[in-house]
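K.L.:
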Amino acid sequence: GMPAPPPPVLAPRRKTRQIGVGKVGVGSESPVSVQSMTTTPTTDINATLQQIAELTASGCDIVRVACPTADDAAALPIIAGKSQIPVIADIHFQPKYVFAAIDAGCAGVRVNPGNIRKFDDQVREISKAAAEAGVSIRIGVNAGSLDKRLMEKYGKATPEALVESALWEASLFEEHGFYDFKISVKHHDPVIMVRAYELLAERGDWPLHLGVTEAGPAFQGTIKSATAFGHLLAEGIGDTIRVSLSAPPAEEVKVGNQILESLNLKPRKLEIVSCPSCGRAQVDVYTLADEVTAGLEGMEVPLRVAVMGCVVNGPGEARDADLGVASGNGKGQIFVKGEVIKTVPESEIVETLIAEANRIAEDAENG
Ligand code: SF4
Numbered sequence: 007g008m009p010a011p012p013p014p015v016l017a018p019r020r021k022t023r024q025i026g027v028g029k030v031g032v033g034s035e036s037p038v039s040v041q042s043m044t045t046t047p048t049t050d051i052n053a054t055l056q057q058i059a060e061l062t063a064s065g066c067d068i069v070r071v072a073c074p075t076a077d078d079a080a081a082l083p084i085i086a087g088k089s090q091i092p093v094i095a096d097i098h099f100q101p102k103y104v105f106a107a108i109d110a111g112c113a114g115v116r117v118n119p120g121n122i123r124k125f126d127d128q129v130r131e132i133s134k135a136a137a138e139a140g141v142s143i144r145i146g147v148n149a150g151s152l153d154k155r156l157m158e159k160y161g162k163a164t165p166e167a168l169v170e171s172a173l174w175e176a177s178l179f180e181e182h183g184f185y186d187f188k189i190s191v192k193h194h195d196p197v198i199m200v201r202a203y204e205l206l207a208e209r210g211d212w213p214l215h216l217g218v219t220e221a222g223p224a225f226q227g228t229i230k231s232a233t234a235f236g237h238l239l240a241e242g243i244g245d246t247i248r249v250s251l252s253a254p255p256a257e258e259v260k261v262g263n264q265i266l267e268s269l270n271l272k273p274r275k276l277e278i279v280s281c282p283s284c285g286r287a288q289v290d291v292y293t294l295a296d297e298v299t300a301g302l303e304g305m306e307v308p309l310r311v312a313v314m315g316c317v318v319n320g321p322g323e324a325r326d327a328d329l330g331v332a333s334g335n336g337k338g339q340i341f342v343k344g345e346v347i348k349t350v351p352e353s354e355i356v357e358t359l360i361a362e363a364n365r366i367a368e369d370a371e372n373g
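Using full-length UniProt numbering, the letters of the sequence shown correspond one by one to residues 7 to 373.
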């Protein structure tokens, strides 16, 4: 039959120029991508490749590795060569590592304009080398390392200060005819960060990399990032995202993907529609929802699974779900597309849902 129409989004993407980070397109012609950064020492090639493999498996599109020393730079050829996803080298001070990263086969380089003033005169060579190698650059403005001149002018890292830094830096590359870059203007405060990106988006068509810096531990960082990215993405702003958490990077990727899925910017995979529970609940909804989530983790087929604490509102509230359970009286009514297909004892709810989910997934795969 006819393919289903794409699900609605809150805003069309802001039109940007298109760049590539290796095989991943970044810009309004491409889906919003998810990035993360390795936490292993880059010099530990095996550990870094292992972490990149984990990130790839959890749905990461692009990975960044820190390159603070010559030894890190020396590790880049093997890492870039063996990684399944494009690798960006994160470089703060030293132009020589920018050239090393380009020679190493990295797909991109992130430079920090707070420091680039020192190698102002080398932007031409960097632009030339990057253009020849097909390497894109991220101009990564960061509140924590804003140029001294701008700190003096604005007193602190205001949205205007972040944007002025980005515009100046962008002009340096553009003067040399280099346009394959994206920009980030990160701040730890979501309000300042959102305003900075909004101002920047008005000033040009660069693809934008969204990030809230030092967002904090998982719970706070997830909320700060979701709030800030959600606001911007709902205005069509943002082409690639990185959630920063004081937590393993695979968690960042999960959060990033969940933000995009919530906004229909990425096809939804597993979605658990569980009720908050209330005085009518006849089962421990929290535990049941956790067990169902754990049992179905990693499903690649889009599936909406409802977990309802009672039969009063259960099936009705979950009519949109592909599959679900409504509990009552120590039993679970299992329903598929709103129809009750069987009733099982509470102890068999999780295994029955998993079996039904797998059956639906198989049917979907077999067309
Ligand atoms: Fe309460 Fe039942 Fe609704 Fe869950 S499904 S919130 S238990 S009424």
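Cβ coordinates follow ideal geometry from the N, Cα and C atoms, glycine included.
Keep in mind that this is a model prediction, so the values were computed, not measured.
1. Exposed or buried, glutamate 175, counting other C-beta atoms within 10 Å across all chains shown (16 or more means buried)?
2. Excluding five sequence neighbours on each side, which residues of the same chain lie with their C-beta closer than 6 Å to the C-beta of proline 92?
3. Does DSSP classify isoleucine 97 as helix, strand or coil?
4. Cα separation between lysine 260 and glycine 65?
5. Look at the Cβ atom of serine 171, then the Cβ atom of leucine 156, and state whether they are nearer than 8 Å.
6. Look up lysine 192 in the DSSP assignment and say whether it is helix, strand or coil.
7. Measuring from the CB of asparagine 148, is there a heavy atom of the ligand SF4 at a distance below 7 Å?
8. When you compare only the Cα positions, how much space is there between alanine 80 and glycine 210?
9. Give the secondary structure of asparagine 52 by DSSP, where H, G and I count as helix, E and B as strand, and everything else as coil.
10. Out of Lys134, Gln90, Leu61, His215, state which residue places its alpha-carbon closest to the alpha-carbon of arginine 116.
11. Determine the DSSP secondary structure at isoleucine 198, reduced to helix, strand or coil.
12. Which residue from Pro308, Gly338, Ser333, Gly336 puts its Cα closest to that of aspartate 326?
13. Fully enclosed by the segment 297-337, which alpha helix (DSSP H) runs are 4 residues long or longer?
14. In whole angstroms, what is the alpha-carbon distance linking isoleucine 355 and glutamate 303?
15. With a CB to CB cut of under 6 Å and the five nearest residues on each side skipped, what residues in its chain are close to isoleucine 347?
16. May I ask you to check if the CB of alanine 327 is nearer than 7 Å to at least one heavy atom of the ligand SF4?
17. Between asparagine 263 and the rest of its own chain, which residues show a CB-CB distance below 7 Å, the 5 nearest in sequence each way excluded?
18. With DSSP collapsed to three states, give me the class of residue 391.
19. Measuring CB to CB, does valine 318 end up less than 8 Å from isoleucine 278?
20. Is arginine 23 a contact residue of the ligand SF4, with contact defined as CB to any heavy atom under 7 Å?
21. Does the segment 11-20 touch the segment 187-203, meaning 3 or more C-beta pairs lie closer than 8 Å?
22. Please confirm whether any heavy atom of the ligand SF4 lies closer than 7 Å to the CB of serine 283.
23. Going by C-alpha to C-alpha distance, which of Val218, Val129, Asn52, Val32 sits closest to alanine 149?
24. Quick one: is valine 197 buried, meaning 16 or more other Cβ sit within 10 Å of its Cβ, or exposed?
25. Apply the 10 Å Cβ neighbour rule to serine 133 and answer buried if 16 or more other Cβ atoms are within range, or exposed otherwise.
26. When we look at the beta-carbon of glutamate 362 and count the other beta-carbons within 10 Å, is it buried (16 or more) or exposed?
27. Does lysine 337 pass the burial test, meaning 16 or more other C-beta atoms within 10 Å, or should it be called exposed?
28. Contact defined as beta carbons within less than 8 Å: I believe leucine 82 pairs with alanine 72. What is the distance between those atoms, to the nearest angstrom?
29. For the ligand SF4, is there any heavy atom lying closer than 7 Å to the beta carbon of asparagine 319?
30. Could you give the residue range of the beta strand (DSSP E) that holds aspartate 233?
31. Just to confirm, are proline 282 and methionine 43 a CB contact at a threshold of 8 Å?
32. Shortest alpha-carbon distance to serine 250 belongs to which of Gly222, Glu241, Ala234?
33. How long is the line joining the alpha carbons of threonine 22 and phenylalanine 235, rounded to whole angstroms?
P.N.:
Straight from the coordinates:
1. Start at 1 with the first residue of the sequence shown, and residue 175 comes out as number 169. Counting Cβ neighbours within 10 Å, glutamate 175 comes out buried, since at least 16 surround it.
2. Here residue 92 refers to the residue found at position 86 when the sequence shown is read from its first residue. Counting only Cβ-Cβ distances below 6 Å, and skipping sequence neighbours, we find Val27, Gly28, Val30, Ile68, Ala113.
3. The count along the sequence shown starts at 1 and reaches residue 97 at position 91. Strand, per DSSP.
4. Stepping through the sequence shown from its first residue, residue 260 is reached at position 254. Stepping through the sequence shown from its first residue, residue 65 is reached at position 59. Taking the straight line joining both Cα atoms gives about 7 Å.
5. Position 165 of the sequence shown, counted from the first residue, corresponds to residue 171. Position 150 of the sequence shown, counted from the first residue, corresponds to residue 156. Yes; because the gap between Cβ atoms is below 8 Å, this pair is in contact.
6. One-based indexing of the sequence shown puts residue 192 at position 186. Correct three-state label for lysine 192: strand.
7. Position 142 of the sequence shown, counting from 1, holds the residue named residue 148. No, the beta carbon of asparagine 148 sits no closer than 7 Å to any heavy atom of the ligand SF4.
8. Within the sequence shown, the letter at position 74 stands for residue 80. Within the sequence shown, the letter at position 204 stands for residue 210. Using only the alpha carbons, I get a separation of about 36 Å.
9. On the sequence shown, position 46 is the one that residue 52 refers to. In the structure shown, asparagine 52 sits in a helix (DSSP, three-state: H, G or I).
10. Here residue 116 refers to the residue found at position 110 when the sequence shown is read from its first residue. Nearest C-alpha to arginine 116: His215.
11. Working through the sequence shown from its first residue, we reach residue 198 at position 192. Three-state result, isoleucine 198: helix.
12. Position 320 of the sequence shown, counted from the first residue, corresponds to residue 326. Measuring C-alpha to C-alpha distances from aspartate 326 to each of Pro308, Gly338, Ser333, Gly336 identifies Pro308 as the nearest.
13. 320-323
14. Locating residue 355 in the sequence shown gives position 349, where the first residue counts as 1. Locating residue 303 in the sequence shown gives position 297, where the first residue counts as 1. Whole-angstrom Cα-Cα distance: 16 Å.
15. For this step, residue 347 is matched to residue 341 along the sequence shown. Short of 6 Å from the beta carbon of isoleucine 347, and not among the five residues preceding or following it, lie these beta carbons of its own chain, in chain order: Ile340.
16. The residue labelled residue 327 in the question sits at position 321 within the sequence shown. Flag unset: Cβ of alanine 327 not near the ligand SF4.
17. What you label residue 263 is simply residue 257 of the sequence shown in a count that begins at 1. Hits under 7 Å: Val40, Gly65, Lys272.
18. The chain is shown from 7 up to 373; residue 391 falls before or after that span and cannot be answered.
19. As a first step, residue 318 is located in the sequence shown; it is residue number 312 there, counting from the start. As a first step, residue 278 is located in the sequence shown; it is residue number 272 there, counting from the start. For valine 318 and isoleucine 278, no; Cβs fall outside 8 Å.
20. As a first step, residue 23 is located in the sequence shown; it is residue number 17 there, counting from the start. No - the ligand SF4 has no heavy atom lying nearer than 7 Å to the Cβ of arginine 23.
21. no
22. In the sequence shown, counting from the first residue as 1, residue 283 sits at position 277. Yes, Cβ of serine 283 sits closer than 7 Å to a heavy atom of the ligand SF4.
23. As a working note, residue 149 is residue 143 in the sequence shown. With distances taken between Cα atoms, alanine 149 lies closest to Val218.
24. Counting from 1 along the sequence shown, the entry for residue 197 is found at position 191. Result: exposed.
25. What you label residue 133 is simply residue 127 of the sequence shown in a count that begins at 1. Per the 10 Å Cβ criterion, buried.
26. On the sequence shown, position 356 is the one that residue 362 refers to. So glutamate 362 counts as buried.
27. Locating residue 337 in the sequence shown gives position 331, counting from the first residue. Flag for lysine 337 reads buried.
28. Stepping through the sequence shown from its first residue, residue 82 is reached at position 76. Stepping through the sequence shown from its first residue, residue 72 is reached at position 66. No, leucine 82 and alanine 72 are not in contact; Cβ-Cβ is about 11 Å, not under 8 Å.
29. Walking along the sequence shown from the start, residue 319 turns up at place 313. It does: the Cβ of asparagine 319 is within 7 Å (strictly closer) of some heavy atom of the ligand SF4.
30. The residue labelled residue 233 in the question sits at position 227 within the sequence shown. Checking the sequence shown, residue 233 turns out to be threonine, not aspartate. No beta strand (DSSP E) contains threonine 233, which is instead part of the alpha helix (DSSP H) from 224-239.
31. Translated into positions along the sequence shown, residue 282 becomes position 276. Translated into positions along the sequence shown, residue 43 becomes position 37. No, these two residues do not count as a Cβ contact at 8 Å.
32. Position 244 of the sequence shown, counting from 1, holds the residue named residue 250. For serine 250, the nearest C-alpha among the options comes from Gly222.
33. On the sequence shown, position 16 is the one that residue 22 refers to. On the sequence shown, position 229 is the one that residue 235 refers to. Approximately 17 Å, taken between the alpha carbons.
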